[in-house]
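Each residue of the sequence shown is one higher than the last, beginning at 16 in the numbering used here.
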Amino acid sequence: MTDSPVSPKDGKELCAAVYARVSSKQQAEANTIASQLEALKTRVRADGLRWQAELCFLDEGYSGGTLLRPALERLRDQAAAGAFDRLYVHSPDRLARHYPYQVLLVEELQRQDIRIVFLNHDIGKTPEENLLLQVQGMMAEYERAKILERSRRGKRHAARAGSVNVLCGAPYGYRYLGKYEGNGQARYEVDEAQAAVVRQIFAWVALERCSIGEVCRRLREHAIPSPRGKDYWDRTTVWGILKNPAYIGQAHFGKTRVGPLRSRVRPQRGKPGSSRRGVSVYDTPPQEQIAIAVPALVDEALFAAVAEQLAENRQRRRASDRGSRYLLQGLLVCGHCGYAFYGKPLSRSARKGRPRDYAYYRCVGSDAYRFGGQRVCHNKQCRTDLLDQAVWQDVCALLADPERIRQEYEQRLHRRRKKAGRPTEQLTRLLTRVRRGIARLIDAYQEGYLERDEFEPRIRSAKERLAKLEGEARASAERDAEAQQLQAAVDQLQSFAQRVREGLQEADWNTRREILRALVKQVEVGEDSIRVVYKVTPLPCERGPKGGRSQDCGRGN
């Protein structure tokens, strides 16, 4: 057995440390760090040095683009304390990804008289050898940046071509089929069992006005496992499903990007103090995202209704946190300027020494102090007790006869059908005929029966006609879906009316507020009129003032 090497300074036995790193969680789980560690131990033993477990520094799942790594921090502290004489690292990019960081760490360790040993690189002893190592490091960084840029551009090109293989994975409700399973092209296939759960979640929120917490409770009551197989659903999982445009047939590529690391006031609970990746994730603007067509699970009208309900739930939660003092708080909108109304109690001078149980609803636009001393609206303020009673009586009348909503909805559908084009069955036959014609044209061109000059205008005309028919078919399918939504929406309202009809006049303040929140979209207050706008599912393309959606059963008072 040979003697261990000793330090030339003090004659003590040399002590070695090892450092290993992998960037991603997948690499850490695949034990690639174990292979690095085994190679380093073999080299340490071959050099005849002793090795201690406490001098093994491992950063699992941390990016080399940052110096804020727990194991690297401990290594630098131990180096400053003189705990080891040699550091073994698999390659320079394991120590740091960026060349300036590599130079900083190497020079820092060398000032501590620590020799660094890379398994696939030798640190030069002459200026020429050091220059060569520096050039190799810069070239490696350049090649990495070039590969990343090519990969990014290639993915965006594939996304524009409609390829789903650039997406991270199939959302809940779909199965990802690779190009070998998908007949030469990767695609999403609908998982009918999961798709039924997705449609049920959307229906609960859009039609029954459920909160995300209520959806999670119902899923657990029905013993439906989560996407990860758990017996309970996280709110973030349900939120992600409800906000994912893939379910209306538009999976988006490039929804996020990486950027500079955000500063943190304190570490998140249960998270490390420093970021593993050294970067933060930011949302990209919608115009920079690329939509890829996938099979739709819900229609756009239902998706839009869910978005509106989520926004209302958020507003409602904030109002409940602040505390509500007025029955119509959050529902009143000025019919003149569009600003909200708010409740304002009577001042002592206005009371004139007499007890008064009411306040006033006042338009925000009528407050001059909010707009630099110049009011933007001259709408009148309304007594809270009178307006509350008028709106409540209108709601009671609606619940007593919900059939009127069905009649209003059917009239609007009838008017739209009269303006509509060809029925769905006829469009389906025409689409089949045009697609066959396009296929025959292509076959004729490939067989040489058509010249290019003759083929190109004919195929262009056929494709234009196909695109027009496909647009008509989508519109026709939307009209058919509207009829189904009509039945579901009105049935839901009738069921709700049946449950709450009894005891409406004796309902307390909290019960009245809950019913108003469930049924009323907004109350438009004009100079001499009041319009109650109810939450029946709107017809697509029915637009109100200033481009907003108008609901289907506004009633003037």
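C-beta atoms are modelled at their ideal positions from N, C-alpha and C, and glycine is treated no differently.
Span separating the alpha-carbon of Leu87 from that of Gly269: Here the question's residue 87 lines up with position 72 in the sequence shown. Here the question's residue 269 lines up with position 254 in the sequence shown. Cα-Cα distance, rounded: 32 Å.
Burial state of Pro301, where buried means 16 or more other Cβ atoms lie within 10 Å: On the sequence shown, residue 301 is found 286 positions in, with the first residue counted as 1. The residue is exposed, with fewer than 16 neighbouring Cβ atoms inside 10 Å.
Bridge partner(s) assigned by DSSP for Leu102: For the purposes of this step, residue 102 is taken as residue 87 along the sequence shown, with counting starting at 1. Paired residue(s): Ala32, Ile131.
Host alpha helix (DSSP H) of Thr630 (start-end): This structure cannot speak to residue 630, because the chain is shown only from 16 to 572.
Contacting residues, own chain, Cβ-Cβ under 7 Å from Gly184 (five flanking each side not counted): The residue you call residue 184 lines up with position 169 of the sequence shown. The residues are Tyr191.
Residue environment, Asn394, which counts as buried when at least 16 other CB atoms sit within 10 Å: What you label residue 394 is simply residue 379 of the sequence shown in a count that begins at 1. So Asn394 counts as buried.
Counted within 10 angstroms of its Cβ, other Cβ atoms place Tyr247 as buried (16 or more) or exposed: Start at 1 with the first residue of the sequence shown, and residue 247 comes out as number 232. Classification for Tyr247: exposed.
C-alpha gap between Ala308 and Asp298, whole angstroms: Here residue 308 is taken as the residue at index 293 of the sequence shown, counted from 1. Here residue 298 is taken as the residue at index 283 of the sequence shown, counted from 1. Cα to Cα, Ala308 sits roughly 21 Å from Asp298.
Simplified DSSP assignment, three categories, for Cys231: Here residue 231 refers to the residue found at position 216 when the sequence shown is read from its first residue. Of the three classes helix, strand and coil, the one that applies to Cys231 here is helix, per DSSP.
Proximity to Gln209 [Cα-Cα], best of Gly188, Ile227, Trp219, Lys194: Stepping through the sequence shown from its first residue, residue 209 is reached at position 194. It is Gly188 whose Cα lies nearest to the Cα of Gln209.
Straight-line gap, Tyr262 to Arg214 (C-alpha atoms, nearest Å): Position 247 of the sequence shown, counted from the first residue, corresponds to residue 262. Position 199 of the sequence shown, counted from the first residue, corresponds to residue 214. Whole-angstrom Cα-Cα distance: 9 Å.
For Glu229, the nearest candidate out of Pro240, Ile216, Ser241 (CA to CA): Here the question's residue 229 lines up with position 214 in the sequence shown. Nearest option by C-alpha distance: Ile216.
Outcome for Gln389 when other beta-carbon atoms lying within 10 angstroms are tallied against a minimum of 16: Taking the sequence shown and counting its residues from 1, the one referred to as residue 389 is at position 374. Exposed: under 16 other Cβ atoms inside 10 Å.
Assumed close pair Val132, Arg101 - CB separation to whole angstroms, cut-off 8 Å: Locating residue 132 in the sequence shown gives position 117, where the first residue counts as 1. Locating residue 101 in the sequence shown gives position 86, where the first residue counts as 1. Contact holds; Cβ gap of about 6 Å.
Three-state class that DSSP yields for Tyr203 in the structure shown: Indexing the sequence shown from 1 puts residue 203 at position 188. Here Tyr203 sits in strand by DSSP.
Whole-angstrom C-beta distance between Ala95 and Gln67, which should lie under 8 Å: Residue mapping note: residue 67 aligns to position 52 of the sequence shown, counting from 1. Residue mapping note: residue 95 aligns to position 80 of the sequence shown, counting from 1. Rounded, the Cβ-Cβ distance is 17 Å, inconsistent with contact.
Leu73 in three-state terms, based on DSSP: Start at 1 with the first residue of the sequence shown, and residue 73 comes out as number 58. Here Leu73 sits in strand by DSSP.
Extent of the continuous beta strand (DSSP E) run through Ala659: Any property of residue 659 remains undetermined from this structure, which presents the chain solely from 16 to 572.
Segment contact flag, the stretch 336 to 355 with the stretch 531 to 549, C-beta cutoff 8 Å, min 3 pairs: yes
Cβ-based burial, Ala111 [other Cβ within 10 Å; buried from 16]: Position 96 of the sequence shown, counting from 1, holds the residue named residue 111. Ala111 should be labelled buried.
Val538 beta carbon less than 8 Å from that of Leu343: Mapped onto the sequence shown, residue 343 falls at position 328. Mapped onto the sequence shown, residue 538 falls at position 523. Leu343 places its beta carbon less than 8 Å from that of Val538.
Leu29 versus Gly79 - alpha carbon distance: Counting from 1 along the sequence shown, the entry for residue 29 is found at position 14. Counting from 1 along the sequence shown, the entry for residue 79 is found at position 64. Rounded to whole angstroms, Leu29 to Gly79 spans 28 Å at the Cα level.
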